[in-house]
Every structure is written in C-alpha cells, then in structure tokens.
Amino acid sequence: MSDDIETDLATTLAALHAAMMRGLADRGFTDASLVDAQVLHQARETPSLGAIARTRGVTKQAVQGHVQSLLRRGYVTLSADPNDARAKRVELTPAGEGVVRALAEVSAELATAVEGKLGVERLKNMRNMLGQTRAALE
Numbered sequence: 001m002s003d004d005i006e007t008d009l010a011t012t013l014a015a016l017h018a019a020m021m022r023g024l025a026d027r028g029f030t031d032a033s034l035v036d037a038q039v040l041h042q043a044r045e046t047p048s049l050g051a052i053a054r055t056r057g058v059t060k061q062a063v064q065g066h067v068q069s070l071l072r073r074g075y076v077t078l079s080a081d082p083n084d085a086r087a088k089r090v091e092l093t094p095a096g097e098g099v100v101r102a103l104a105e106v107s108a109e110l111a112t113a114v115e116g117k118l119g120v121e122r123l124k125n126m127r128n129m130l131g132q133t134r135a136a137l138e
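All residue numbers for the sequence shown refer to full-length UniProt numbering, where the first residue is 1 and numbers rise by one.
Okay, structure coming up:
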C-alpha cells in the first residue's frame, strides 16, 4: 500500500474488476464488461431506459448507446412500454440473464476468497470502513 488513499483504493478496485472480468470470461462471457453486467442487472429491476439512466446518474442517450451495444451482442431486446408509447423497455435475453447470474457467482466466489484471507471479523470491519470512507467523501 502507498501513502496515497486514492492510489490504494484505485489499485484495489482495479484488482477487483480484473478478477471479476476473469470470472466472467471463465464462464464464457468474453465480450461482457462490468458495465454491461451492471446495466443488465439494472434492466432486470427497472427495465425502462429512463429509469436505468436515472439509477446510473447518466443521460438517457448514454444508456441508449450502451443498450444498442447489448442488443447487437444478443444480451437484450427492446420492446414498447405498455404504459408509455414514447418509452422503450429493455428485456434480458437468456444470454443477458446468463451474464447477470455469472456475475453473481463470481461476486460470491470473490467474497468467499477475501473472507478466507481476512477472516469474517476483518472483512466486516473493512466493509464498515469502506462505508464510512464513502460517507466522508459524499
């Protein structure tokens, strides 16, 4: 670790992302990114483009571009929203559901691995400290 909190957090996050990407690739999702998985997960909860944009804190146009990429790769389909003729609903295909399931599996495996290295109490303390750090920065 360094004397710089930004470097410490950034390198830890980069290691986490790399491990998650390896886990997705190991499960056959070599073209899926973490952002893909996050958007797919959000689409499962709130399938409108506008809701996904609000949740992610980005523009609807940014989400539309990303969803078009997911559509081309067969992870989602688009359909008309029955409640709003102007809105589109994002629906996961079986492949999209597979990415979400794979990411959940990878996350659980990584949590188990970190718990194995740190122990239950230290992991709990780390999560608490990360929450406090996030709150201090907001």
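Note that CB positions come from ideal geometry on N, CA and C, so glycine has one too.
When the options are compared against residue i, the one with the closest alpha-carbon
| i | options | result |
| --- | --- | --- |
| residue 97 | 36, 20 and 19 | 36 |
| residue 78 | 111, 47 and 56 | 47 |
| residue 72 | 129, 53 and 92 | 92 |
| residue 40 | 56, 26 and 27 | 56 |
| residue 69 | 83, 90 and 82 | 90 |
| residue 26 | 12, 109 and 66 | 109 |
Distance CB(residue i)-CB(residue j) smaller than 8 angstroms
| i | j | result |
| --- | --- | --- |
| residue 104 | residue 29 | no |
| residue 50 | residue 106 | no |
| residue 114 | residue 75 | no |
| residue 140 | residue 34 | One cannot answer for residue 140 here, as it falls past the ends of the chain, which runs 1 to 138. |
Span separating the alpha-carbon of residue i from that of residue j
| i | j | result |
| --- | --- | --- |
| residue 117 | residue 62 | 39 angstroms |
| residue 7 | residue 19 | 18 angstroms |
| residue 94 | residue 120 | 35 angstroms |
| residue 45 | residue 16 | 24 angstroms |
| residue 86 | residue 32 | 29 angstroms |
| residue 131 | residue 14 | 18 angstroms |
| residue 112 | residue 123 | 10 angstroms |
| residue 133 | residue 81 | 40 angstroms |
| residue 135 | residue 67 | 31 angstroms |
DSSP three-state assignment for residue i, whether helix, strand or coil
| i | result |
| --- | --- |
| residue 108 | helix |
| residue 46 | coil |
| residue 134 | helix |
| residue 90 | strand |
| residue 69 | helix |
| residue 32 | coil |
| residue 100 | helix |
| residue 59 | coil |
| residue 3 | coil |
Residue i beta carbon near the ligand FAD (any heavy atom closer than 7 angstroms)
| i | result |
| --- | --- |
| residue 62 | What this structure holds is no ligand at all, so the ligand FAD is not there to describe. |
Close beta carbons around residue i, own chain, < 7 angstroms, minus the five adjacent residues each side
| i | result |
| --- | --- |
| residue 64 | 49 |
| residue 1 | 8 |
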